[in-house]
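Engineer: Below: one structure in structure tokens.
Residue numbers (the numbering used here), protein chains in the order written: chain A, 1 to 110; chain B, 1001 to 1115.
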């Protein structure tokens, strides 16, 4: 079945770049997403990428997709303390049934 | 920005009791979903709903669960007889369309604790 894996924890200093990685197993994935969850809050969609794209940039966020290796990454430039949260990678093949990773805790040290 | 709202934010219930979690999806959205996240585990899909019927459901969504759109604005998840293992955060979500690429907006979740 489909599976999405992420590293558990990432710690960076304020102002540095953060790179959160994700791998997925379903080669027929069509869209891949990054969601952010702050403590006590819901899932906020940050960005998504269609599977025929290699890269998508949106202000401080850059998403890279290596479809051959089924590897997705989210780079946050100039990471701020407000970026501290859990980041979820998710994929979908058809319809809108999302398969989520376990989440990566990003801790930003000032 | 429009948002999905959920109530209650937290509910404690005794095992065997019925629970109804409520959601108000974004007004022009046609597709509705429930997901859940057991503490320390992944967010899991439960069910999707369109045109007043279930369009897809997961293995988790057994006969104890049901969904309903009782009126033009609310979307509910009912758990008939709660079990300890139903303790989780339940997320409601909605989207305009039903295919990949349609942005899915999530609510802030309802924490359910079964004791």
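Beta carbons: idealized from backbone N, C-alpha and C, even for Gly.
Give the secondary structure of residue 1046 of chain B by DSSP, where H, G and I count as helix, E and B as strand, and everything else as coil.
Structural biologist: Three-state DSSP puts residue 1046 of chain B in a strand.
Engineer: Check each candidate in B:1073, B:1094, B:1048, B:1052 and name the one with the smallest Cα separation from residue 1061 of chain B.
Structural biologist: Out of B:1073, B:1094, B:1048, B:1052, B:1048 has the C-alpha closest to the C-alpha of residue 1061 of chain B.
Engineer: Counting pairs of beta carbons, one from the region 81–101 of chain A and one from the region 1078–1086 of chain B, are three or more of them closer than 8 Å?
Structural biologist: Output reads no: the region 1078–1086 of chain B does not touch the region 81–101 of chain A.
Engineer: Would residue 1001 of chain B pass as an interface residue toward chain A - the criterion being a Cβ-Cβ separation below 7 Å?
Structural biologist: By this cut-off, residue 1001 of chain B is not an interface position.
Engineer: Can you list the residues of chain B that residue 45 of chain A reaches, using a CB-CB cut of under 9 Å?
Structural biologist: The contacting residues are 1103, 1104, 1105, 1106.
Engineer: Closer than 9 Å, Cβ to any Cβ of chain A: which residues of the region 1021–1053 of chain B, in chain order?
Structural biologist: Result list: 1031, 1033, 1035, 1037, 1040, 1041, 1042, 1043, 1044, 1045, 1048.
Engineer: Taking residue 42 of chain A as the query, report the chain B residues whose CB atoms sit under 7 Å from its CB, ordered along the chain.
Structural biologist: Those within 7 Å of residue 42 of chain A in chain B are 1091, 1106, 1107, 1108, 1109.
Engineer: Could you spell out the range, first to last residue, of the beta strand (DSSP E) harbouring residue 1036 of chain B?
Structural biologist: Segment 1031–1037, the beta strand (DSSP E) holding residue 1036 of chain B.
Engineer: For the 8 Å Cβ check, are there 3 or more pairs between the region 4–15 of chain A and the region 50–67 of chain A?
Structural biologist: Not touching, per the Cβ criterion.
Engineer: For the beta strand (DSSP E) containing residue 75 of chain A, name the first residue and the last one.
Structural biologist: Run containing residue 75 of chain A: 71–76, per the beta strand (DSSP E) assignment.
Engineer: From the DSSP output, in three-state form, read off residue 81 of chain A for me.
Structural biologist: DSSP places residue 81 of chain A in helix when its eight states are reduced to three.
Engineer: Closer than 9 Å by beta-carbon distance: list the chain A residues that pair up with residue 1095 of chain B, in chain order.
Structural biologist: Within 9 Å Cβ-Cβ: 96.
Engineer: Tell me which residues share the same chain as residue 1103 of chain B and place their Cβ nearer than 8 Å to its Cβ, disregarding the 5 neighbours each side in the sequence.
Structural biologist: Only 1095, 1096 meet the Cβ criterion.
Engineer: Residues of the region 1050–1076 of chain B in Cβ contact with chain A at a cutoff of 9 Å, in chain order, please.
Structural biologist: Correct list: 1055, 1056, 1058.
Engineer: Within 10 angstroms of the Cβ of residue 109 of chain A, are there 16 or more other Cβ atoms? Answer buried if so, exposed if not.
Structural biologist: It counts as exposed.
Engineer: Based on the DSSP output, what are the partners of residue 1006 of chain B in its beta bridges?
Structural biologist: Paired residue(s): B:1023.
Engineer: What did DSSP end up calling residue 1086 of chain B once you bin it into helix, strand or coil?
Structural biologist: Residue 1086 of chain B: helix per DSSP, three-state reduction.
Engineer: Counting C-beta neighbours from all protein chains within 10 Å, is the total for residue 1074 of chain B 16 or more, i.e. buried, or is it exposed?
Structural biologist: Residue 1074 of chain B is exposed by the Cβ-count criterion.
Engineer: Measure the alpha-carbon distance for residue 29 of chain A versus residue 54 of chain A and round it to whole angstroms.
Structural biologist: So the two alpha carbons sit approximately 14 Å from each other.
Engineer: Who pairs with residue 1057 of chain B in a beta bridge, going by DSSP?
Structural biologist: Residue 1057 of chain B pairs with B:1047.
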